[in-house]
Amino acid sequence: MKVGLFSPSSGPLYQGQAQRVAAVSVTGAFEVLEGHAPLVAALASAPLRILTPEGEKTFSLQGGFLWVDPQGEVHILAKV
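Numbering (numbering that gives the first Met the number 0) for the sequence shown: 0 to 79.
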């Protein structure tokens, strides 16, 4: 699935393919896999893990938003 992680202050932090995105919302931890239903989540201050073809990438977030669009693409806007 396509994933884009962006920071308002730093710009793009990751854009590419991923097998899994693991995040923590204000209501708890969750994972997004290929074919996930559309979703919007407010992110908590916690690590975000993206499993890419090259390996896992971890980002320390200070909150933000994650949404899965109807095409299954994952968009993340977060403060790092």
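All C-beta atoms, glycine included, are put in the ideal place defined by N, C-alpha and C.
How should V25 be labelled, buried or exposed, when 16 other C-beta atoms within 10 angstroms of its C-beta is the threshold for buried?
The residue is exposed, with fewer than 16 neighbouring Cβ atoms inside 10 Å.
Quick check on G62: does DSSP put it in helix, strand or coil?
G62: coil per DSSP, three-state reduction.
If I'm right that H35 touches G71 with Cβ under 8 Å, what's the distance once you round it to whole angstroms?
H35 to G71, Cβ: 7 Å. Contact.
Between G10 and L42, which are expected to be in contact by the criterion C-beta below 8 Å, what is the C-beta distance as a whole number of angstroms?
Your pair G10 and L42 does not check out as a contact, with CB atoms roughly 18 Å apart and the cut at 8 Å.
Tell me which residue opens and which closes the beta strand (DSSP E) that A43 is part of.
According to the DSSP assignment, A43 belongs to no beta strand (DSSP E), since it is labelled neither H nor E.
| task | Would you decide whether L32 is buried or exposed? Buried here means 16 or more other CB atoms lie within 10 Å of its CB. | result | Its Cβ having fewer than 16 others within 10 Å, L32 is exposed.
Suppose the cutoff is 7 Å on Cβ atoms and the five residues either side in sequence are ignored; what does the same chain contact list for V79 look like? So the list reads S6, S9, L12, F58, S59, L60 and Q61, once near-sequence residues are dropped.
To the nearest angstrom, how far is the alpha carbon of I49 from that of A21? When the Cα atoms are used, I49 and A21 turn out to be separated by approximately 6 Å.
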